[in-house]
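Chains as they are written, first to last, in the UniProt record's numbering: chain A, 1 to 289; chain B, 1 to 289.
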C-alpha cells in the first residue's frame, strides 16, 4: 500500500515488513505506522517537529486530531535495508487503517518547497524541482496517486508520469481520483466527486477548515509537507466513511518568525479552487443542446 | 509626492513636471496621472494589461472601481528626461488626488516576483531580490513609505533603509504608517490604527474584500504588483476620508492558465494578518499591573 511509487531506499507510508512483524499482537486493532527516521538531519527534524507540535499549547486540539497523524514516540527497530541493526522509527497512527480499498493522493503543498533560510545547494535543488513540476505554477504538485476500485482493481501512475504532469494533467488526476472506474482503462466520470470532495464531511469542507487555521497560525511553516487524501472505495457512502485529510512529511518544517505560512496557505487555496471546480462542474446540469 | 525614493530614471507615481504642464486646464478637477511607458517590453506589457483588464467581462465592476486605477488610454507627451521627444504615457487616475497631507505605503505583494515562465537571467535577478528582502519570508515587502503629519511634517525612509528591512522592521513600518507623529523623531503610537486600518471602510475590510476575489479569480497573476495604501493625514475621520487601497504596477502580470494567483493571495493573507495584529493590539486593554 505504498502511495508513492517505489524508489530505492525511500521511506514509505507503511512500515517495512520487518517492522510490521515486530508489531506486538495487541496493537492489531489500532494499527500504527513505523516510519524510519530519514537520513541526514531530516529524521531528527521531523522528530523535533512531532515532539514540539504534539505538546504545543497553541495548537487547537481539533486541528491536531483532525488533520495530523497522532504521534506515539519513537522505537528502535530493524529496517528492511539493514535487518541486523536497530534504527529509530517514529511511531505514528496509520492513516490508512481500516480502509479495505484505499484510494490515496499525496499532494505536496506550496509553490516553494525550500525553507527560506536553507543552505544554498539545497535551495537550488528544490527550486529546480519546483520549477520543473507544477509547484511554482499551481502552488502544489501531485506526488502520488492510487485509485482503488471495489472490484479490487488499482490504478497507480508511475513516478515518471507524475513528474511530467502539467496543469491539465493535475486536473485530470484529481478528477480521476474520484471516478468510479479503477484499472488502467479508467475514465473520469467523477462519480464519487459529490461523496468524496463535496458535502458536509467531505474533502472540501475539511480543507476549508484547515485553511481557516492557516490564515491565523504563526507557529510553523510547513515547507515540503504534503496533504494526504484517502477514502475507502468500498465504503464511500457508509457511516464513518468520510474521506480523510491529513498533513504528512515534516522534515522541513521551520519556526514561523511571527508570520503566517503564506506559501502553504496560497497552495492550499489553489487546491481548494481546483477541487471546488470539480465539485461544481459535477453538479452543473448538462448543457442544453 | 513621489512615494518611492527618487532613483535616476525610475518612473514615478506622479507625472513628470512636463507632463503636468501639458495637462489641459479642464482636467484640473479630476487629476490624472501620466505614467511614461517603461523601458524594455514592460511598458507595452502594462498597457496590454490595462487594455485587457478594463474591458474584461469577468472582472466584477466593484473590484475594478474600488481597487484599480481607472485607465483612460495613452497619450504622447515629452518626458523630463527627453523634453524634445514624444514618449507614450498611460493615462490613469491619480490615486492621490485630493489628499492634502498624503500618507502612502507601497507594498510589493508575493513571495515570488517573477512570472514562472520568465527567462532565466530575469528570474535569477528577481529571486536574489526576493531572498534578500522580506518577500520570501513574509510574502511581501515594503517598497516605499511616506507618512505625513497635519503639521506638514513628512517622514520618508530612504531606499537603502527600506531594502535592509527585516520582519520586525516591516512591523514597525506598518505601525509607524498609522502613528500620529510625523517628522524624523516620530514614534509608533498607532493613534490612527483604528481609523485607517480598522472599521467598516478601513484598510483591513478592503483587503479582505480583495482577498475574497483572489480566492476565486483565475484571470491574471499579478507578479511584482504592489498594493498602494493612502490616506489624508488631514482628514482621517472626515466624511469621504476613507483610506484607499489600490493595486498598481502591472508590467509583470501574466495570464493565469486557469489557476488562482496563489502567490499574490498568500502574500495578501500575510499582510492582512500583520495589519490585523496591529489593530488588535491597539484595541487590547492595557495589561494589568
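In this text, a Cβ means the ideal position worked out from N, Cα and C, and glycines have one as well. All values derive from a computational prediction rather than experimental measurement.
The continuous stretches of beta strand (DSSP E) do not include residue 199 of chain A, and DSSP gives it neither H nor E.
Using a CB distance cut-off of 8 Å, residue 193 of chain B does not count as an interface residue toward chain A. Judged by their CB atoms, residue 247 of chain A and residue 33 of chain A are not nearer to each other than the 8 Å cut-off. Among the residues of the stretch 244-264 of chain B, those with a Cβ less than 7 Å away from any Cβ of chain A are 257, 258, 259, 260, 262 and 263, in the order of the chain. When C-alpha distances from residue 215 of chain A are compared across A:194, A:227 and A:260, the shortest belongs to A:260. Listed in chain order, the non-local C-beta contacts of residue 45 of chain A below 6 Å within the same chain comprise 251, local neighbours out to five positions each way being set aside.
Selection A:159, A:267 and A:192 evaluated against residue 211 of chain A yields A:267 as nearest (Cα-Cα).
Close CB contacts of residue 226 of chain A within its chain, under the 8 Å cut and outside five residues either way in sequence, are with 106, 107, 108, 109, 143, 247, 248 and 249 (chain order). Approximately 5 Å separates the beta-carbon atoms of residue 89 of chain A and residue 75 of chain A; this is inside 8 Å, confirming the contact. At a cut-off of 8 Å between beta-carbon atoms, residue 273 of chain A makes contact with chain B.
Cα atoms of residue 73 of chain B and residue 92 of chain B: separation of roughly 8 Å, rounded to the nearest angstrom. Counting only unbroken stretches of 3 or more residues, the beta strand (DSSP E) elements lying wholly within the stretch 26-90 of chain B are 32-36 and 71-77, in sequence order. The stretch 197-211 of chain A makes contact with the stretch 267-278 of chain A: 3 or more CB pairs, one atom from each, lie closer than 8 Å. Here the stretch 94-105 of chain A makes no contact with the stretch 121-130 of chain A; the two share fewer than three CB pairs at distances below 8 Å. Residues of the stretch 165-176 of chain B with a C-beta less than 7 Å from any C-beta of chain A: 167, listed in chain order.
In the DSSP annotation of this structure, the continuous segment of the beta strand (DSSP E) that includes residue 107 of chain A starts and ends at 102-109. Check the Cα spacing between residue 147 of chain A and each of A:236, A:31, A:253 and A:87: the tightest is with A:236.
For residue 111 of chain B, the nearest CB of chain A lies under 8 Å from its own CB, placing it at the interface with that chain. Inclusion of residue 167 of chain B and residue 134 of chain B in the CB contact set at 8 Å is warranted, their separation being smaller than that value. Taking 8 Å as the upper bound for CB-CB distance, residue 150 of chain B and residue 136 of chain A are not in contact here, some 46 Å apart. The C-beta distance from residue 207 of chain A to residue 279 of chain A rounds to 11 Å, too long to meet the 8 Å contact threshold. Residue 179 of chain B counts as buried, since at least 16 other C-beta atoms from the protein chains shown sit within 10 angstroms of its C-beta. Taking 8 Å as the CB threshold, residue 281 of chain A stays off the interface with chain B. The C-alpha of residue 37 of chain B lies about 56 Å from the C-alpha of residue 37 of chain A. Under the three-state reduction of DSSP, residue 135 of chain A is assigned to helix. Around the beta carbon of residue 130 of chain A, a 10 Å sphere encloses 16 or more other beta carbons of the protein chains shown; the residue is thus reported as buried. Nearest neighbour of residue 155 of chain A by Cα position, chosen from A:188, A:85 and A:52, turns out to be A:188.
Excluding sequence positions up to five before and after residue 202 of chain A, its CB lies within less than 7 Å of the CB of 196 and 243, all in the same chain and listed in chain order.
Among the residues of chain B, none has a CB under 7 Å from the CB of residue 208 of chain A; the nearest is roughly 11 Å distant.
Residue nearest to residue 255 of chain B within the set B:40, B:48 and B:31 is B:48 (criterion: CA-CA distance). Rounded to the nearest whole angstrom, the CA to CA distance from residue 41 of chain B to residue 269 of chain B is 30 Å. Taking a beta-carbon distance threshold of 8 Å, residue 126 of chain A does not count as an interface residue toward chain B. Against chain B, a Cβ distance below 9 Å from residue 216 of chain A picks out 273 and 276. Residue 190 of chain A has a beta carbon lying at 8 Å or more from every beta carbon in chain B.
A Cβ-Cβ contact shorter than 8 Å links residue 233 of chain B with residue 103 of chain B.
By the C-beta density criterion, residue 43 of chain B is buried, having at least 16 other C-beta atoms within 10 angstroms.
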